[in-house]
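For the sequence shown, our numbering gives the first residue as 1432, with consecutive numbering after it.
To start, the structure itself, in structure tokens.
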Amino acid sequence: KAGFRVEGVEPPASEAVDFAPVSAPLNVGDIALRTTIAETLTPPPQSPTVTIMLDQSMPVDEGGATRLANVADALKARIQVLPP
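So this is what it looks like as structure tokens:
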């Protein structure tokens, strides 16, 4: 509610911006409505979705395999230890 502008306090001087007066905070409904919105928009903690994009132009040899193969192997190992 405060930020760098506070009701009853003169806004900072600026040659570039004319600061408008501080208005009342936005009313977002009652507690039950705000809780419903928050629960709807909060991702589930148990099943996150992740998209991984790999670049096929990673042909550089690193330790006997391509960089792409090494990255893919590391991702497979990490995915195997993640919870379902």
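C-beta atoms are modelled at their ideal positions from N, C-alpha and C, and glycine is treated no differently.
Q. In three-state DSSP terms, what is THR1497?
A. Annotated three-state conformation of THR1497 is strand, per DSSP.
Q. ASP1492 by DSSP, collapsed to three states: which one?
A. Residue state for ASP1492 is assigned as strand, using DSSP reduced to three classes.
(Q) I'd like the list of long-range same chain contacts for ASP1486, defined as Cβ closer than 8 Å, with 5 residues on each side in sequence excluded. (A) Cβ within range, chain order: LEU1499.
Q) What separation, rounded to the nearest whole angstrom, lies between the Cα atoms of GLY1439 and ILE1462? A) The straight-line gap from Cα to Cα measures roughly 28 Å.
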